[in-house]
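Participant: These protein sequences, in sequence, are chains A and B. Heads up, the first sequence stops at 405 in my numbering, and the numbers go up one at a time, no gaps. Heads up, the second sequence stops at 1534 in my numbering, and the numbers go up one at a time, no gaps.
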Amino acid sequence: MNAAIVGIGATDFSKNSGRSELQLAAEAVRAALDDAGLTPSDVDGLVSFTMDTNAEIAVARELGIPELTFFSRVHYGGGAACATVQQAAMAVETGAAKVVVCYRAFNERSGHRFGQVQTAAAANIDNSWSYPMGLGTPAAMVAMFARRYMHEYGATSEDFGRVAVLDRKHAATNPHAWFHNRPITLEDHQNSRWIAEPLHLLDCCQETDGGVALVVTSRERARDLPNKPAHVKAATQGSSVDQFTMTSYYRDDLTGLPEMGVVARGLWERSGIGPSDVDVAVLYDHFTPFVLVQLEELGFCGKGEAKDFVASGALELDGALPLNPHGGQLGEAYLHGMNGIAEGVRQVRGTAVNQVGDVEHVLVTAGTGVPTSGLVLAR
Amino acid sequence: MIDIEKEAARIAERGESAPRLARDPVNLPMINNWLEAIGDQHPGYTEVAPPAMVQVWTMGGLHGQRSADDPLGAMMAILDEAGYTSVVATNSDQTYHRYLKIGEHLSVTSTLEDVTGPKRTGLGEGWFVTTRSTWYVGDEPVAEMRFRVLKFRPAGQPASAPEAPAAQPEAPKTHVIRPSVNRDTEYFWEGCRQGELRIQRCGGCGLLRHPPGPMCPECGATKPKYLVSDGRGVVYSYVVHHHPQVPGKQTPFVIALVELDEGVRMLGELDGEPSIGQRVEVVFTKVDDELTMPSWRTCADR
Chain A
27 MNAAIVGIGA TDFSKNSGRS ELQLAAEAVR AALDDAGLTP SDVDGLVSFT
77 MDTNAEIAVA RELGIPELTF FSRVHYGGGA ACATVQQAAM AVETGAAKVV
127 VCYRAFNERS GHRFGQVQTA AAANIDNSWS YPMGLGTPAA MVAMFARRYM
177 HEYGATSEDF GRVAVLDRKH AATNPHAWFH NRPITLEDHQ NSRWIAEPLH
227 LLDCCQETDG GVALVVTSRE RARDLPNKPA HVKAATQGSS VDQFTMTSYY
277 RDDLTGLPEM GVVARGLWER SGIGPSDVDV AVLYDHFTPF VLVQLEELGF
327 CGKGEAKDFV ASGALELDGA LPLNPHGGQL GEAYLHGMNG IAEGVRQVRG
377 TAVNQVGDVE HVLVTAGTGV PTSGLVLAR
Chain B
1233 MIDIEKEAAR IAERGESAPR LARDPVNLPM INNWLEAIGD QHPGYTEVAP
1283 PAMVQVWTMG GLHGQRSADD PLGAMMAILD EAGYTSVVAT NSDQTYHRYL
1333 KIGEHLSVTS TLEDVTGPKR TGLGEGWFVT TRSTWYVGDE PVAEMRFRVL
1383 KFRPAGQPAS APEAPAAQPE APKTHVIRPS VNRDTEYFWE GCRQGELRIQ
1433 RCGGCGLLRH PPGPMCPECG ATKPKYLVSD GRGVVYSYVV HHHPQVPGKQ
1483 TPFVIALVEL DEGVRMLGEL DGEPSIGQRV EVVFTKVDDE LTMPSWRTCA
1533 DR
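1. Alpha helix (DSSP H) containing Trp1359/B: first to last residue?
2. Does DSSP put Arg21/A in a helix, a strand or coil?
3. Under 8 Å between C-beta atoms, does His1337/B make it to chain A?
4. Three or more C-beta pairs under 8 Å: does that hold for the stretch 1475-1487 of chain B against the stretch 1438-1447 of chain B?
5. Mind reading off the beta-carbon distance from Met272/A to Met167/A? Whole number of angstroms is fine, and I expect it under 8 Å.
6. Just the Cα atoms here: how many angstroms apart are Met1262/B and Gly1293/B?
7. If Leu94/A sits next to Glu82/A, beta carbons under 8 Å apart, how far is it from one beta carbon to the other, in whole angstroms?
8. From Ala332/A to Gly282/A, what does the alpha carbon distance come to, in whole angstroms?
9. Using a Cβ cut-off of 8 Å (strictly closer), state whether Leu1492/B contacts chain D.
10. Check whether the stretch 323-330 of chain A and the stretch 67-76 of chain A are in contact - that is, three or more C-beta pairs closer than 8 Å.
11. Under 8 Å: do the stretch 1282-1291 of chain B and the stretch 128-138 of chain A share three or more Cβ pairs, one atom per stretch?
12. Under the rule that 16 or more other beta-carbon atoms within 10 Å means buried, what is Glu213/A, buried or exposed?
13. Assuming the contact rule is C-beta atoms closer than 8 Å, Ile367/A and Leu240/A should be a hit. Round their C-beta distance to whole Å, please.
14. Using the rule of at least 16 other Cβ atoms within 10 Å of the residue's Cβ for burial, across every protein chain shown, is Cys1531/B buried or exposed?
15. Report buried or exposed for Pro1397/B, applying the criterion of at least 16 other Cβ atoms within 10 angstroms of its Cβ.
16. Rounded to whole angstroms, what's the CA-CA distance from Ser183/A to Asp268/A? Just pull it up for me.
17. In chain order, which alpha helix (DSSP H) runs of at least 4 residues are fully inside the stretch 201-281 of chain A?
18. Gly33/A and Ala54/A - do their beta-carbons sit closer together than 8 Å?
19. Between the C-alpha atoms of Val1258/B and Ala149/A, what's the straight-line distance to the nearest angstrom?
20. Anyone know if the C-beta pair for Tyr1458/B and Arg1430/B falls short of 8 Å?
21. Run through chain B and tell me which residues come within less than 9 Å of Asn150/A, C-beta to C-beta.
22. Counting pairs of Cβ atoms below 8 Å between the stretch 45-53 of chain A and the stretch 204-224 of chain A, do you hit three or more?
23. Would you call the stretch 1262-1273 of chain B and the stretch 1308-1322 of chain B in contact, with 3 or more CB pairs under 8 Å?
24. On a CA-only basis, which of Arg1378/B, Gln1477/B, Leu1439/B and Ala1488/B is nearest Thr1322/B? Give me that one, please.
25. At least one CB of chain B closer than 8 Å to the CB of Thr407/A: is that the case?
26. Between which two residues does the beta strand (DSSP E) harbouring Asn1259/B extend?
27. In terms of alpha-carbon separation, which member of Pro158/A, Pro351/A, Cys230/A and Ala115/A lies closest to Thr418/A?
28. If we cut at 8 Å on Cβ distances, does Arg99/A have a partner in chain B?
29. Applying a beta-carbon distance threshold of less than 9 Å, which residues of chain A neighbour Ser1461/B?
30. Quick check on Val1471/B: does DSSP put it in helix, strand or coil?
31. Could you pull the start and end residues of the beta strand (DSSP E) that Gln1477/B belongs to?
32. Counting along the chain, where does the alpha helix (DSSP H) carrying Arg188/A start and finish?
33. Take the Cβ of Gly353/A as the centre, count every other Cβ of all protein chains shown within 10 Å, and call the residue buried at 16 or more, exposed below.
34. Which residues in chain A have a C-beta closer than 8 Å to the C-beta of Thr1417/B? List them in chain order.
35. If we ignore side chains and look at the alpha-carbon of each, how far apart do Ile1270/B and Tyr1277/B end up?
36. For Asp1302/B, name the three-state secondary structure that DSSP assigns.
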């Protein structure tokens, strides 16, 4: 695609920001523009998540962005993350806008907590087959998949735990991470309390207050800007047969994420690269079991083999497929996948705190269990 | 621990909920029904409605759901979660600016005015929740109501154990998470009320489908029918839920995804020791006149 991410910005990641969600959004967007070497008056497009409470026009007012020719929202929670960049890239390619900022900001710990039961969500007809039965949290919805996955492939709680240990190891050396200097052991994981069996507390990502923004423009414009651009080599969304939000329980098989399979096919076709060409993987990790399933759907290993792939050490910083060098959403912060895209950009630039050597391609995925999206970023 | 005052401040900060339009305009048949039910013989209500009826016009109906931004619903959910699971209404002060004429179409908005507590009362420890509703015709405010409830933890209840719904037949609507019901799904909930577990069957090609929908994905027919399931199947997967608290449930509890013998899967709470492949059968639990919930219990092999 003829688009690149040229600026990244974020607020601090905390449990109580002490400021409004709009202020977080405005701070993140301003930081991203500063990083890009652009000003608010250069911006003519804004993209966010349907779930974000900050209207594009409100963000534009705070930043002093005078005119917008493109504004768009993407549905399905964290599944929107990479799709915001896809929207921005398409806008740039078609001429709908020249400089588009993607943003996501919330007080997700001190304000509206996603980990709690959202009784209001039962007003959705689809949710009426799960919430009233007592299945009303994201953790429990993922646990239903995880139990079946364990049954089919013999995976164990320890296999999930290794993902958490790895993320926390990477976060421990990332000063921007909430869990900076706080690594965990597999024993810590096993001893953490049950949230929704088979998921322990340490299988679940954090709840975070904060904001992240990304600036997208054309490759030509990117050449004149101060930072090394992260080119958007491929971007796609994915939804699959009999798709629900978090509760696609009625398909033939419950051990895959076929919507991520759709994303994988799209990314490999459009980028011309394959799994073996990926230098860093930033995989969405709101709950550990879906990291294993993603490794399988994306073609890094066969069905049911992810537990062995993880245990082999392949996901370490010096392994074949370094995973979430920033610490992921389990370790750094839960910004609905947007902080993972920012990490992908840093890895391409060569400026990450846990930098992997000689990065040409980074794969980034968005929310799992929901209609989702993905990106291949390239040098 | 839930910081109730902070949650209340957060809800109050959201201000007025979006206007919710009444289902019907002010109309004579409803006025006559109301007068009859109340026993009001006044002959004057032929052009205008009795002022005290104002709340009736914007009631949600038999299967009504609170709107997502309804502040009372949100505050009740928080107090439920904190263990204050019972409710009693204590005050309702209404102000009428003028008579409402037949044909006028009302809308209503609501704000959270005050949350005070915890207070010790004869019923148990609780919080007083005050909301303010304003009814409008177009942009004109025509009536207001200050409504106060006491959300309380019944005396003798332990602090961390919300009561099971079965033990509390007077449970308010917010006590359990209620399904949303529409034209496509009403047959299922009607079946539950009658003790039948119904599975949608396409009237064109016979495809069985759950969850249901209005158009058959196989043949395109829009004439769904249903069959009555034997209510037996096996556990396909399950979750033991520990945290956080779920309204109307006592943790830990089991939710099972059951593959029915007819071939479709369905979620429900499971009473019994869970394992994949375990045979189960349906049980129906009446919550109130409107809602009966299906759930599972383990049973012997065929």
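For glycine and all other residues, C-beta sits at the position ideal for the given N, C-alpha and C.
Facilitator: Quick answer:
1. Annotation for Trp1359/B: no alpha helix (DSSP H) segment contains it, though the beta strand (DSSP E) segment containing it runs Gly1356 to Val1369.
2. Shown here, chain A extends from 27 to 405; a query on residue 21/A therefore has no answer.
3. No, because no Cβ of chain A sits closer than 8 Å to the Cβ of His1337/B.
4. No: the two stretches stay apart, fewer than three of their Cβ pairs being nearer than 8 Å.
5. About 4 Å; that satisfies the 8 Å criterion.
6. In this structure, the alpha-carbon of Met1262/B lies about 13 Å from that of Gly1293/B.
7. Confirmed, about 7 Å.
8. Taking the straight line joining both Cα atoms gives about 12 Å.
9. Reference to chain D is not applicable here, since the protein chains of this structure are A and B.
10. Between the stretch 323-330 of chain A and the stretch 67-76 of chain A, the count of Cβ pairs shorter than 8 Å is below three; the stretches do not touch.
11. Taking 8 Å as the limit for Cβ pairs, the verdict is that the stretch 128-138 of chain A does not touch the stretch 1282-1291 of chain B.
12. Within 10 angstroms of the beta-carbon of Glu213/A lie fewer than 16 other beta-carbons, which makes it exposed.
13. Leu240/A and Ile367/A do touch by the CB rule: their CB atoms are close to 6 Å apart, below 8 Å.
14. Taking all protein chains shown into account, Cys1531/B has fewer than 16 neighbouring C-beta atoms within 10 Å of its C-beta and is therefore exposed.
15. Residue confidence is low: Pro1397/B scores 37 on pLDDT, short of 50, so the model does not pin down where it sits. No coordinate-derived value is stated.
16. A direct Cα-Cα distance of roughly 28 Å separates Ser183/A from Asp268/A.
17. Fully enclosed alpha helix (DSSP H) runs of no fewer than 4 residues occupy 212-217 and 245-249 of the stretch 201-281 of chain A, in order along the chain.
18. No. Outside cutoff.
19. For the pair Val1258/B and Ala149/A, the Cα-to-Cα distance works out to about 26 Å.
20. Yes, the Cβ-Cβ distance between Tyr1458/B and Arg1430/B is below 8 Å.
21. Taking a Cβ-Cβ cut-off of 9 Å, the neighbours of Asn150/A in chain B comprise Ser1412, given in sequence order.
22. Contact annotation: the stretch 45-53 of chain A does not touch the stretch 204-224 of chain A, with fewer than three C-beta pairs closer than 8 Å.
23. Taking a contact to require three or more Cβ pairs closer than 8 Å, the stretch 1262-1273 of chain B and the stretch 1308-1322 of chain B do not qualify as touching.
24. When only C-alpha atoms are compared, the closest one is Arg1378/B.
25. The question about residue 407/A has no answer here: the residues shown for chain A are numbered 27 through 405.
26. Careful: Asn1259/B lies outside any beta strand (DSSP E) and carries neither H nor E.
27. Shown here, chain A extends from 27 to 405; a query on residue 418/A therefore has no answer.
28. Residue-level contact by beta carbon fails for Arg99/A and chain B, as no gap is shorter than 8 Å.
29. Against Ser1461/B, chain A offers no close residue; the least beta-carbon distance is about 15 Å (beta-carbon pairs closer than 9 Å).
30. Three-state DSSP puts Val1471/B in a strand.
31. Taken as a continuous stretch (DSSP letters only), Gln1477/B belongs to no beta strand (DSSP E), as it is neither H nor E.
32. For Arg188/A, the enclosing alpha helix (DSSP H) starts and ends at Ser183 to Ala198.
33. Burial of Gly353/A is indicated by the presence of at least 16 other C-beta atoms within 10 angstroms of its C-beta.
34. Within 8 Å of the CB of Thr1417/B, the CB atoms of chain A belong to Ile151 and Ser154, in sequence order along the chain.
35. Rounded to whole angstroms, Ile1270/B to Tyr1277/B spans 14 Å at the Cα level.
36. Of the three classes helix, strand and coil, the one that applies to Asp1302/B here is coil, per DSSP.
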